[in-house]
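Shown next, in structure tokens, is the structure this report addresses.
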Amino acid sequence: AAEAEEHDEL
Amino acid sequence: MNIFRFLGDMSHILSFLLLLHKIVGGKSAAGISLRTAEMYAIVFCTRYIDLLWNFASLYNYLLKLLFIGASLTIVYFMRYGPSQKATYNADEDAFPVQYLIAPCAVLGVLINQDHSSPFEMVWAFSIYLEAVAILPQLFLLQKQGEVENLTSHYVFALGAYRALYLLNWMFRFMTEPDYQQRIVWLSGLVQTALYCDFFYHYYQSKKGGLNKSVKLP
Numbered sequence: 003a004a005e006a007e008e009h010d011e012l
Numbered sequence: 161m162n163i164f165r166f167l168g169d170m171s172h173i174l175s176f177l178l179l180l181h182k183i184v185g186g187k188s189a190a191g192i193s194l195r196t197a198e199m200y201a202i203v204f205c206t207r208y209i210d211l212l213w214n215f216a217s218l219y220n221y222l223l224k225l226l227f228i229g230a231s232l233t234i235v236y237f238m239r240y241g242p243s244q245k246a247t248y249n250a251d252e253d254a255f256p257v258q259y260l261i262a263p264c265a266v267l268g269v270l271i272n273q274d275h276s277s278p279f280e281m282v283w284a285f286s287i288y289l290e291a292v293a294i295l296p297q298l299f300l301l302q303k304q305g306e307v308e309n310l311t312s313h314y315v316f317a318l319g320a321y322r323a324l325y326l327l328n329w330m331f332r333f334m335t336e337p338d339y340q341q342r343i344v345w346l347s348g349l350v351q352t353a354l355y356c357d358f359f360y361h362y363y364q365s366k367k368g369g370l371n372k373s374v375k376l377p
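Structure below.
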């Protein structure tokens, strides 16, 4: 699974 | 940060200012869907729960607070404001939101970026819910046929924000090596697609001048 992209957007 | 995302966030802020101006300033909730307003409050309260631990960006932090505050203010006035309640049309605002919330919750649990993290499930739920949160509002406008001027600008700005985010994701995909956010892409695509019909009628009506009301067949 893709590593959890850190949520840098609103 | 890129220009598309910045413009998207500004368009989102504008949509809130227009809606607050109408509901709090104009003391009228005519043509506005409380169900959509409540779903947006759920979207922001779930997605921005990381306010409690994610201080990565002051810009994001402030806008998250603003979006949660504005969406709760709108719901509050629509539920308890005397003149807002008088102008809110409850029986027309009848879209069965349980058929939107339940599937999004199931999808949030099943399809997310990290199945071991409850926050990722909640975050994915919020993304899916936002994609369909506008449906009660569009449903209400369709029923009423005529869209009041301020309301049409509010819906347009709200639709434009996610459309600009689509450009932002394309830009990031091209400029950042391993950037991929399938969940937001697909949801954002669905969300923007739902506005196409409205965008068309909005453009048709505003061609002749910004103050014409939008007619939906």
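Residue numbers (this note's numbering), protein chains in the order written: chain A, 3 to 12; chain B, 161 to 377. For every residue, glycine included, the Cβ atom is placed at its ideal position computed from N, Cα and C. If you're wondering where the values come from, they're calculated on a predicted model, not measured in any experiment.
Are the region 311-327 of chain B and the region 234-254 of chain B touching by the rule of at least three beta carbon pairs closer than 8 Å?
-> no
*What residues from chain A crowd round Leu-211/B, counting only those whose CB sits closer than 8 Å?*
Those within 8 Å of Leu-211/B in chain A number zero; the least Cβ separation is about 12 Å.
Next item on the list: Tell me whether Glu-308/B sits in a helix, a strand or coil according to DSSP, three-state version.
Entry: coil
Specify the secondary structure class of Lys-245/B as computed by DSSP and reduced to three states. helix
Taking just the CA atoms, how far does Leu-180/B sit from Lys-303/B? 23 Å
#### Entry: Option nearest Ala-265/B by Cα separation, candidates Phe-255/B, Val-292/B, Phe-333/B and Ala-254/B
Val-292/B
Quiz prompt | Interface residues of the region 289-319 of chain B facing chain A [CB-CB below 8 Å] | solution = none
Phe-164/B: which of Gly-191/B, Arg-322/B, Tyr-362/B and Gln-341/B sits nearest, CA to CA? Arg-322/B
Close-in-space but distant-in-sequence residues of the same chain around Arg-332/B (CB under 6 Å, 5 per side omitted)
Tyr-339
Query raised in the report: CA-CA distance, Leu-310/B and Lys-375/B?
Result: 14 Å
Query raised in the report: Three-state secondary structure (DSSP) at Lys-375/B?
Result: strand
If we cut at 7 Å on Cβ distances, does Leu-223/B have a partner in chain A? yes
Report task. Select from Lys-367/B, Ser-347/B and Glu-308/B the residue whose C-alpha is nearest the C-alpha of Ser-188/B. Result -> Glu-308/B
From the DSSP output, in three-state form, read off Trp-283/B for me. helix
Note to self: Which residue wins for smallest C-alpha separation from Ile-287/B, given the options Tyr-325/B, Val-344/B, Asp-274/B and Ile-271/B?
What the structure shows: Val-344/B
Can you confirm whether Gln-351/B, when its beta carbon is compared against all beta carbons of chain A, has any partner nearer than 7 Å? no
Excluding the five sequence neighbours on either side, which residues of its own chain have a C-beta within less than 7 Å of the C-beta of Ala-320/B, listed in chain order? Ser-171
Outcome for Leu-12/A when other beta-carbon atoms lying within 10 angstroms are tallied against a minimum of 16 = buried
In the DSSP assignment, find the unbroken alpha helix (DSSP H) run with Leu-267/B in it and report its ends. 258-270
Under 7 Å between C-beta atoms, does Gln-341/B make it to chain A?
-> yes
**Report entry** Chain-ordered chain A contacts of Asn-162/B [CB-CB under 9 Å]
**Finding:** Residues of chain A passing the Cβ test: none, with the nearest at roughly 11 Å.
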